[in-house]
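Residue numbering for the sequence shown is 1 to 530, as defined by the working numbering. Report on the following structure.
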Amino acid sequence: MRNTFLAAAIVGVLAAGASGEAPPATAGGAEPVKVGDVVFTADFDGPAPLEGWSAGAGKLAADAGQGGGRALLIERPAGAPPASAFVEAPLPVEKVRGCTLILSASVKAEAVSPKPQPWNGIKFMAPTVAGEHRAWAQAELGTGTFDWQRVSWQTHVPRDASRMRLVLGLENVTGKAWFDNVKVTVRRPPAAPAAAPAGPAYTGHALPRLRGAMVSPDAKEEDLRVLGREWNANLVRWQLCGFKPRIDTGDLAAYDAFLESHLKRLDAALPLCEKHGLLAVVDLHTGPGHWAPPGRSLFTSAACQKRFVEIWRQIARRYKDSRAVWGYDLLNEPLEGAVAEDVDDWQGLAERAARAVREIDPRRAIIVEPAPGGSPAALANLRPLPVPHIVYSIHMYSPGIFTHQGVHDDGKRTYVYPGAAEGRQWDKAALEAALRPVAEFQKTYGVHIYIGEFGAVRWAPDSSAGRYLGDLVAIFEARGWDWTYHAFREWHGWSAEHGPDRADTRPAAQPTDRQRLLCEWFAGNQKPRW
Numbered sequence: 001m002r003n004t005f006l007a008a009a010i011v012g013v014l015a016a017g018a019s020g021e022a023p024p025a026t027a028g029g030a031e032p033v034k035v036g037d038v039v040f041t042a043d044f045d046g047p048a049p050l051e052g053w054s055a056g057a058g059k060l061a062a063d064a065g066q067g068g069g070r071a072l073l074i075e076r077p078a079g080a081p082p083a084s085a086f087v088e089a090p091l092p093v094e095k096v097r098g099c100t101l102i103l104s105a106s107v108k109a110e111a112v113s114p115k116p117q118p119w120n121g122i123k124f125m126a127p128t129v130a131g132e133h134r135a136w137a138q139a140e141l142g143t144g145t146f147d148w149q150r151v152s153w154q155t156h157v158p159r160d161a162s163r164m165r166l167v168l169g170l171e172n173v174t175g176k177a178w179f180d181n182v183k184v185t186v187r188r189p190p191a192a193p194a195a196a197p198a199g200p201a202y203t204g205h206a207l208p209r210l211r212g213a214m215v216s217p218d219a220k221e222e223d224l225r226v227l228g229r230e231w232n233a234n235l236v237r238w239q240l241c242g243f244k245p246r247i248d249t250g251d252l253a254a255y256d257a258f259l260e261s262h263l264k265r266l267d268a269a270l271p272l273c274e275k276h277g278l279l280a281v282v283d284l285h286t287g288p289g290h291w292a293p294p295g296r297s298l299f300t301s302a303a304c305q306k307r308f309v310e311i312w313r314q315i316a317r318r319y320k321d322s323r324a325v326w327g328y329d330l331l332n333e334p335l336e337g338a339v340a341e342d343v344d345d346w347q348g349l350a351e352r353a354a355r356a357v358r359e360i361d362p363r364r365a366i367i368v369e370p371a372p373g374g375s376p377a378a379l380a381n382l383r384p385l386p387v388p389h390i391v392y393s394i395h396m397y398s399p400g401i402f403t404h405q406g407v408h409d410d411g412k413r414t415y416v417y418p419g420a421a422e423g424r425q426w427d428k429a430a431l432e433a434a435l436r437p438v439a440e441f442q443k444t445y446g447v448h449i450y451i452g453e454f455g456a457v458r459w460a461p462d463s464s465a466g467r468y469l470g471d472l473v474a475i476f477e478a479r480g481w482d483w484t485y486h487a488f489r490e491w492h493g494w495s496a497e498h499g500p501d502r503a504d505t506r507p508a509a510q511p512t513d514r515q516r517l518l519c520e521w522f523a524g525n526q527k528p529r530w
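Structure below.
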């Protein structure tokens, strides 16, 4: 699990909001857009360089552009009170509905003050309106002083978008920012209408249902025995790498050594999984370039992407004959962030990795989560891969301020389920609505769904976590989805064996309501036949 709901709040990502397939994006009677089409550009030269831009705080700076010419300058003097200064221009939303876009610009800064909030600072943003939804997708830019740098990032335009703008400026900071050579390019046009699904969906197993839990990479045989034999789970999601120790994963040699240490743990665990009736998902929880500086991250470095594909060849060779492995989860909660113009986005990289696995292991499930963050809404941005035997997976932590209360904050404000959170009432119907993009993806493409993670902190008030889990599992079961609870004996905050008192980190003397709920469902499991 990653801090998905927080990351989404910071970058303002909104997935496509409409159901079904979109018609090709066009501008009036124009031809549909194609890969590489430039739908907006501004170099701030020419006879009317600010035509179409709002009358705002920007001004043209002569001879300040990258390589000469003019640039757009936004300035707020040091010591000025908190405020924003920006200009904006409309983007052709009717032309790009359902598209994936790359937004790029050259940016330079001088003495930009620290950000009061992570989403403040230099703004290179594309706010979008789609029905009742608003999104503020933006580039992540630094502060201080830096010379010209090329900034590029990617966003998905909802199929029902009605308005989209490009915003350049400064928000709640002081200093100077210059912008030049702004461009918006189609990375991927809308998907073509899907063919009607034929035959049953591929699941990768012959059991009625897979039900289990995420486990720690430090899990011992006793943990697997309890989960597999006493609780009767039949699936574990085994994370490779996790979050400690934090290394520079852009250092590929260091990453390889780190990964190998975790693969050796998995080597030892798989015979124990088999012994205790547990299939396993191999979850690449931390990929190369996961914690890396710009230029060496997974979506800015061709070398990282090449290594990512090779890692999956290595894993497939290593486990293609293991009876305990059900599937390969290509990347936990992928977050593209800045995507360089000369590397693949997650859609393209996932296909490359899946093809590499299929060359070696033709039969095990390949599990693909959508970007950003593996959320239910993000699945609307993903297209089925043209590779056999794919299972699609999401993680369910909505509403995040309920499921993670007290994890990233002081926990003074509490939320119950059912109840109000994130400006709306959350109950089973709201959970079904949040999962609707998953059900629609399943129906449209005839694919199998696996819920790789879901959970809520044990100290949610008034036994809320148990009610939340109960409603979610009922929805999963009604849809025929496999699932793994987050998490078993990993961190006490998610543990179903611990009670609701946050200060008490000992397992409860008697099974909790959450443990009983999980075990009731696990009781219906069938074990794999080796």
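We treat Cβ as the ideally placed atom computed from N, Cα and C, and that holds for glycine. Since we're looking at a predicted model, the values are computed, not measured.
Near residue i, what residues of its chain come up, given a Cβ to Cβ distance below 6 Å and the 5 sequence neighbours on each side ignored?
i: residue 14; result: Unreliable positioning characterises residue 14 in this predicted model, as indicated by a pLDDT of 37, which lies under 50. The coordinate reading is nonetheless provided below. The answer, listed in chain order, is 133 and 135.
i: residue 3; result: Confidence at residue 3 is low in this model, with a pLDDT of 41, below 50, so its placement is unreliable and the value that follows should be read with caution. Result list for residue 3: empty, nothing under 6 Å.
i: residue 446; result: 197 and 201
i: residue 525; result: 211, 232 and 234
i: residue 302; result: 343
i: residue 75; result: 176
i: residue 531; result: No information on residue 531 is available, as it lies outside the stretch 1 to 530 that the chain covers here.
i: residue 180; result: 65, 66, 71 and 106
Identify whether residue i lies in helix, strand or coil by the three-state DSSP scheme.
i: residue 336; result: coil
i: residue 532; result: The requested residue 532 does not occur in the structure, where the chain is confined to residues 1 to 530.
i: residue 271; result: helix
i: residue 527; result: coil
i: residue 521; result: helix
i: residue 40; result: strand
i: residue 347; result: helix
i: residue 426; result: strand
i: residue 90; result: strand
i: residue 391; result: strand
i: residue 127; result: strand
i: residue 142; result: coil
i: residue 318; result: helix
i: residue 301; result: coil
i: residue 100; result: strand
i: residue 45; result: coil
i: residue 463; result: coil
i: residue 407; result: coil
i: residue 536; result: Because the chain here runs from 1 to 530, residue 536 falls outside it and cannot be looked at.
i: residue 34; result: coil
i: residue 416; result: coil
i: residue 23; result: Any answer about residue 23 is weak, because its pLDDT of 40 lies below 50 and its placement is not dependable; what the coordinates show is given next. Here residue 23 sits in coil by DSSP.
In chain order, what residues of the same chain have a beta carbon less than 7 Å from the beta carbon of residue i, not counting five sequence neighbours either side?
i: residue 521; result: 211 and 473
i: residue 559; result: Residue 559 lies beyond the stretch modelled for the chain, which goes from 1 to 530, so this question has no answer here.
i: residue 508; result: 497, 498 and 499
i: residue 300; result: 294, 338, 340 and 343
i: residue 113; result: 143, 173, 174 and 175
Look at the Cβ atom of residue i, then the Cβ atom of residue j, and state whether they are nearer than 8 Å.
i: residue 368; j: residue 349; result: no
i: residue 357; j: residue 312; result: yes
i: residue 272; j: residue 240; result: no
i: residue 110; j: residue 175; result: yes
i: residue 204; j: residue 389; result: yes
i: residue 431; j: residue 466; result: no
i: residue 365; j: residue 411; result: no
i: residue 215; j: residue 506; result: no
i: residue 269; j: residue 238; result: yes
i: residue 406; j: residue 502; result: yes
i: residue 129; j: residue 33; result: no
i: residue 103; j: residue 155; result: yes
i: residue 403; j: residue 457; result: yes
i: residue 354; j: residue 330; result: yes
i: residue 149; j: residue 107; result: yes
i: residue 39; j: residue 92; result: yes
i: residue 325; j: residue 257; result: no
i: residue 567; j: residue 352; result: In this structure the chain extends from 1 to 530, so residue 567 is not present and cannot be described.
i: residue 434; j: residue 398; result: yes
i: residue 190; j: residue 99; result: yes
Between residue i and residue j, how many whole angstroms is the CB-CB distance? I'm expecting something under 8 Å.
i: residue 416; j: residue 462; result: 5 Å
i: residue 277; j: residue 527; result: 4 Å
i: residue 157; j: residue 164; result: 7 Å
i: residue 496; j: residue 512; result: 6 Å
i: residue 35; j: residue 184; result: In fact, because the Cβ distance is near 14 Å, the residues do not count as touching under 8 Å.
Residues in the same chain with beta-carbon distance under 8 Å from residue i, minus the five sequence neighbours each way, listed in chain order, please.
i: residue 477; result: 209 and 521
i: residue 117; result: 172
i: residue 263; result: 240, 315 and 318
Say the cut is 7 Å; is the CB of residue i nearer than that to a heavy atom of the ligand FMN?
i: residue 369; result: As far as ligands go, the structure on display features none, and thus does not contain the ligand FMN.
- Can you check the stretch 161-225 for any alpha helix (DSSP H) of at least 4 residues that lies completely inside it and give the ranges in chain order? Fully enclosed alpha helix (DSSP H) runs of 4 or longer: 221-225.
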